[in-house]
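Peer 1: Residue numbers (the numbering used here): 7 to 264. Each residue gets a CB set at the ideal place from its N, CA and C atoms; glycine is no exception. This structure is a prediction, so every number in the text was calculated from the model and none was measured. Pasting a structure here, questions to come.
If you want it as structure tokens, here you go:
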């Protein structure tokens, strides 16, 4: 059985020190229950405010590739939230990836509820939508096979989160057809739409997240950022690379890797 507290402490230490681990002290999780237990341990071990959450694996191909039955979640810590144009320095363990995502800022706490949350419950607390880049990173080296279980245990794969100016007219966007272009050093490298995120309904990511967090004893609150899932292909970024997410009428977001 995995030693959850030992694994969580090792992952937090690796994150703070910019190291990668060839093996995880305490053992790798063997299922999602153990993975989220390690993530809960990380929340305690970090001792830092959670500024929001990321949602991963928001389409069937991604779930199949990562060997998970549905979406996944990970915390976004306050000191890793960056306003565009952002500059980020990160270690290179062989997985330094950018993802262009629709990010939502909550304007109110999500009230407690007996049953499952619905999209209507979530719509009542969403304040704005923003172009965003999630910087994915690993504290585990390439010696450890990448899987959904491993990613969830390792901070949900989050390295940092950058956002651009948003709009309160988030309901006026047709996410399923809204194009997102991802540029690296001025060259378009990927293009996608919100169809890649919960079948074109990124609010569904937040609904899933709310119900998931409820089972873990957490909730959503005013001011939280929710990064809803990658709208275009994930891209590796070279050192010194400038990543730009072009969300058309919604605006842009930029991150440079120094």
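What does the alpha-carbon distance come out to for the pair residue 154 and residue 77?
Peer 2: The straight-line gap from Cα to Cα measures roughly 9 Å.
Peer 1: Measure the C-alpha to C-alpha separation of residue 250 and residue 84 and round it to an integer number of angstroms.
Peer 2: Residue 250 and residue 84: Cα-Cα distance of roughly 22 Å.
Peer 1: To the nearest angstrom, how far is it from the Cα of residue 189 to the Cα of residue 244?
Peer 2: Going by the C-alpha atoms only, they are around 12 Å apart.
Peer 1: To which residues does DSSP link residue 242 through a beta bridge?
Peer 2: Answer by DSSP bridge pairing, in chain order: 103.
Peer 1: Is residue 233 closer than 8 Å to residue 203 when the C-beta atoms are compared?
Peer 2: Cβ atoms of residue 203 and residue 233: not closer than 8 Å.
Peer 1: Cβ of residue 108 within 8 Å of Cβ of residue 237?
Peer 2: Yes, they are a contact pair.
Peer 1: Classify residue 22 as helix, strand or coil using the three-state DSSP reduction.
Peer 2: Residue 22: helix per DSSP, three-state reduction.
Peer 1: Are any of the Cβ atoms in chain C nearer than 8 Å to that of residue 59?
Peer 2: Reference to chain C is not applicable here, since this structure consists of a single protein chain.
Peer 1: Are there 16 or more other CB atoms within 10 angstroms of the CB of residue 124, so buried, or fewer, so exposed?
Peer 2: Residue 124 is exposed by the Cβ-count criterion.
Peer 1: Between residue 95 and residue 120, what straight-line distance do the alpha-carbon atoms span, to the nearest angstrom?
Peer 2: Cα-Cα distance, rounded: 43 Å.
Peer 1: Going by C-alpha distance, which of 15, 34, 18 and 23 is nearest residue 149?
Peer 2: That would be 34, whose Cα lies nearest to the Cα of residue 149.
Peer 1: Leaving aside the five residues before and after residue 128 along the sequence, list all residues of the same chain whose C-beta is less than 7 Å from its C-beta, in chain order.
Peer 2: Cβ neighbours of residue 128 beyond the five flanking positions: 209, 212, 213 and 216.
Peer 1: Which same chain residues end up closer than 8 Å to residue 247 when comparing Cβ atoms and leaving out the 5 residues on each side of it in sequence?
Peer 2: Counting only Cβ-Cβ distances below 8 Å, and skipping sequence neighbours, we find 190, 191, 262 and 263.
Peer 1: Are residue 141 and residue 166 touching if we call contact CB-CB under 8 Å?
Peer 2: Contact flag set, yes.
Peer 1: Who are the near neighbours of residue 256 in its chain, counting only those whose CB is closer than 6 Å to its CB and skipping five residues on each side?
Peer 2: Around residue 256: 137.
Peer 1: Which residue's Cα is closest to the Cα of residue 151: 30, 14, 11 and 25?
Peer 2: The candidate whose alpha carbon is nearest that of residue 151 is 30.
Peer 1: If I follow the unbroken beta strand (DSSP E) through residue 189, where does it start and stop?
Peer 2: Taken as a continuous stretch (DSSP letters only), the beta strand (DSSP E) holding residue 189 covers 185-190.
Peer 1: By Cβ distance below 8 Å, which residues in the same chain neighbour residue 116 in space, the five residues on each side in sequence not counted?
Peer 2: Cβ within range, chain order: 123, 127, 128, 131, 216, 225, 226 and 227.
Peer 1: Please report how far the alpha carbon of residue 64 lies from the alpha carbon of residue 187, in whole angstroms.
Peer 2: Approximately 18 Å, taken between the alpha carbons.
Peer 1: So within the segment 69-127, which uninterrupted alpha helix (DSSP H) runs reach at least 4 residues, ignoring any that extend past its ends?
Peer 2: If we require 4 residues or more, the segment 69-127 turns out to have no alpha helix (DSSP H) run fully inside it.
Peer 1: Tell me which same chain residues have a C-beta within less than 6 Å of the C-beta of residue 66, skipping the five on either side of it?
Peer 2: If we look at residue 66 and ignore the five residues flanking it on each side, it has no Cβ neighbours.
Peer 1: Assign residue 171 to one of three DSSP states: helix, strand, or coil.
Peer 2: Note: residue 171 maps to coil in three-state DSSP.
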